[in-house]
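Only one structure is covered here, and it is reproduced in the block below.
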Amino acid sequence: MKTFNSKDLVWTRQPKSYAISDQEIVIETLPHTDLWQRTYYHFQNDNAPVLQMTIEEDYFSFVVKTSFDSKHRFDQCGLVMYLDSENWLKASIEYENEDFQHLGSVATNQGYSDWATTEIDASIKEMWYRLSRRGNDFRLECSQDGQSFKQMRICHMVKAKGPIQCGIYACSPEDSSFTARFTDLEVLECQWPSHDGQAPDEVTE
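What follows is the structure, encoded as structure tokens:
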């Protein structure tokens, strides 16, 4: 199993400023940066800074802790699996106002995004995320203590075949900037057990 090494990280677009070590990654966002494709809003935004490593295994889990000082609408940072401009998966907290923000995830397949969210208190400024892969299927989870993870989403990514890239991102879709910190990055054996419930459907000729 591949272990996390900051030297393996590669930028897809760089932020305003950054600092990278094996212990911490700090990103300062640029205004008017985002990741979104078409659905509902009908625009395409593909200019957020993304920093990733390549993982060849078909079964693994990637974990990261985020800390942030966001205070402007739509400011966000989190975990990402960016395959190309029209196929990617992300989990983050997106600031809304002084009362609440959106904890959520976006799965983008073949140029169309969806957004699954829940409202959380605006005072929360830290969150762990875990991405687990089983072939073309993925599970996103979140945790406030890094120990107890709760499921956010299970999805299938059409273009996720063979080695994939995953890592972190941070962006400010409106005219703002903030600092995001990423720590506790780990690549682990897959923490998503195989399904032990209903058997797969039988294929009949």
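Per the UniProt record's numbering, the sequence shown starts with residue 1, numbered consecutively.
We put the beta carbon where it would ideally sit given N, CA and C, even for glycine.
Contact between Ile168 and Val106 does not hold, since the beta-carbon distance rounds to 15 Å and is not under 8 Å. Exposure of Tyr112 is indicated by the presence of fewer than 16 other C-beta atoms within 10 angstroms of its C-beta. Taking every protein chain shown into account, the CB of Val63 has 16 or more other CB atoms within 10 angstroms, so this residue is buried. By the Cβ test, the region 127-141 is in contact with the region 154-165, since at least three Cβ pairs between them sit closer than 8 Å. The C-beta separation of Arg73 from Glu174 comes to about 6 Å, placing the pair in contact by the 8 Å criterion. Between the beta-carbon of Ser61 and that of Leu188 there is about 4 Å, and that keeps the pair under the 8 Å contact cut.
Nearest to Phe43 by C-alpha distance, out of Asp34, Leu51 and Pro49, is Asp34. CA-CA distance, Trp128 to Asp99, rounds to 21 Å.
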